[in-house]
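Working notes for the structure below.
Protein chains in written order, with my numbering: chain S, 21 to 130; chain F, 22 to 140.
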């Protein structure tokens, strides 16, 4: 399968809490990216982390990458109701292709 | 960020007809575009890689004759679903990378998707 795995599949938290999503993949990568998708819409790029990086921050987002475990995590701090969406990791290889994880559906309760 | 426009955003067609979906990079050139398919509440599955001026590369299990891809210019790729059937109903999304930003190291920009319903 071309897909990675993400967990949890669904996550429901209160506004203000932190949300953590995990992604595991199977093959060697050049980079790993996180995307957000609102229901029935296209994808919005959140953050890219390269295979030689271990951690990256962007605003309220923190991404880690452990290539030895073939895993990554996305942390959203101080969540807001507007963060409600599906979040996908996507792995980039030496070619051009992206392969997406199974996604985590996040619900932030006001 | 760069803009990728996908058209139409929503289409209903009769079983047996063909549907063309366009993907345009509006403010950058993209030698490579990608077509994905997404079923409800599922992830995106890469269908094919569209290369300007050459044949598309299809993922395993994707029927080339059913999903025709043409990458006519550096800003336009089209996906034609031929002889559509109800099981082809899905959300189709394209993405593109900048021409001059190297391979495998940059974000991809996504269209807003096309929801196809075959009745």
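Virtual Cβ for every residue (Gly too), placed ideally from N, Cα, C.
Since we're looking at a predicted model, the values are computed, not measured.
**Prompt:** Quick one: what's got a C-beta closer than 8 Å to residue 83/F's C-beta in the same chain, skipping five residues either side?
**Reply:** Correct list, in chain order: 68, 69.
**Prompt:** Does the beta carbon of residue 61/S sit closer than 8 Å to a beta carbon anywhere in chain F?
**Reply:** Closer than 8 Å: yes.
**Prompt:** In the DSSP assignment, what are the bridge partners of residue 111/S?
**Reply:** DSSP, once it has assigned bridges, lists 52/S, 119/S as partnering residue 111/S.
**Members of the stretch 107-125 of chain S near chain F, C-beta cut-off 9 Å** = With the criterion set as a beta carbon lying under 9 Å from some beta carbon of chain F, the members of the stretch 107-125 of chain S are 108, 110, 112, 113, 114, 115, 116, 117, 118, 119, 120, 121, 122, 123, 125, in sequence order.
**Request:** Answer with yes or no whether the minimum CB distance from residue 110/F to chain S is below 8 Å.
**Result:** Among the residues facing chain S, residue 110/F is not included, as its CB has no counterpart in that chain under 8 Å away.
**Message:** Restricting to Cα atoms, I'd like to know which of 130/F, 134/F, 49/F, 103/F is closest to residue 38/F.
**Reply:** Among 130/F, 134/F, 49/F, 103/F, the Cα nearest to that of residue 38/F is on 103/F.
**Asked** chain S beta carbons: is any one of them nearer than 8 Å to that of residue 125/F?
**Response** Below a pLDDT of 50, predicted positions are generally treated as unreliable, and residue 125/F, at 49, falls in that range; no measurement from the model is reported.
**Request:** Return yes when the Cβ of residue 51/S is within less than 8 Å of the Cβ of residue 95/S, no when it is not.
**Result:** Cβ distance not < 8 Å, so residue 95/S and residue 51/S don't count as in contact.
**Asked** Is it the case that the CB of residue 65/S approaches a heavy atom of the ligand PLP more closely than 7 Å?
**Response** The ligand PLP is not part of the structure shown, which contains no ligands of any sort.
**Request:** Identify which residue in 54/F, 92/F, 56/F, 99/F has its Cα closest to the Cα of residue 40/F.
**Result:** Cα-wise, what sits closest to residue 40/F is 99/F.
**Request:** Would you list the residues sitting across from residue 100/S in a DSSP beta bridge?
**Result:** DSSP lists no bridge partner for residue 100/S.
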